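Engineer: The structure under discussion is supplied below as structure tokens; questions concerning it will follow.
In UniProt numbering, the protein residues as written are 1 to 183.
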């Protein structure tokens, strides 16, 4: 099994693997070009996103700067909006539903490391997918941790750190993020 296959499968993998380093380098070249392109040049920006991202259905608007690890693990439904300075560490799949809005400085982290220091300092890491349902809004500065699913029609308040799944049709806030009311 290759390191890429291990990464996608959620197994311990070596991020320093030549294939993975090359894939991250390609993504960095693409998002650097994307970030440098004129805001008004939608045709160029869309073409770059088609090269960078795994798949997206329709309308997508990502404000620069935008950063990701690989890009190919990011998929989106229709009408995705990512505001300034969004960071997605997509070592595992990151899936956005339809009508998803991310405020500035949102960070999605699929990567994580062994808890035991002796294992962690050797360098290998894990990844767990993030799934964001339809009609979700993540407020400014939200951090979503590995393995989290956020249900449809949910709002996550600014500055929240989402460490566990959040159900559909709720408002959730805080660190750690918790449901404060149903919608």
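Glycine included, C-beta positions come from ideal geometry on N, C-alpha and C.
All of these numbers come straight from a predicted model, not from anything done at the bench.
1. Taking Cβ to Cβ, would you say residue 55 is nearer than 9 Å to residue 78?
2. DSSP state of residue 103, grouped into three classes?
3. Just curious, the alpha helix (DSSP H) that residue 25 is in, first and last residue?
4. Pull up the distance between the alpha-carbon of residue 120 and that of residue 1, whole angstroms please.
5. Taking the straight line between their C-alpha atoms, what separation do you get for residue 81 and residue 135?
6. Kindly indicate which three-state DSSP category residue 11 falls into: helix, strand or coil?
7. Quick check: the Cα distance between residue 45 and residue 84, rounded to an integer number of angstroms?
8. Using DSSP with H/G/I as helix, E/B as strand and the rest coil, what is residue 183?
9. For residue 73, which of 167, 20, 14 and 160 has the nearest alpha-carbon?
10. Contact between the segment 107-117 and the segment 25-41: three or more CB pairs below 8 Å?
11. Once DSSP output is grouped into helix, strand and coil, what is the label at residue 53?
12. Just the C-alpha distance for residue 17 and residue 5, rounded to the nearest angstrom, thanks.
13. Who are the near neighbours of residue 53 in its chain, counting only those whose CB is closer than 6 Å to its CB and skipping five residues on each side?
14. If you drop the 5 nearest sequence neighbours on each side, which residues of the same chain put their C-beta closer than 7 Å to that of residue 105?
15. Reducing DSSP to helix, strand and coil, say where residue 44 ends up.
Structural biologist: On the basis of the coordinates in this document:
1. no
2. coil
3. 18-36
4. 21 Å
5. 11 Å
6. coil
7. 15 Å
8. coil
9. 20
10. no
11. coil
12. 12 Å
13. 71 and 74
14. 85, 140 and 141
15. helix
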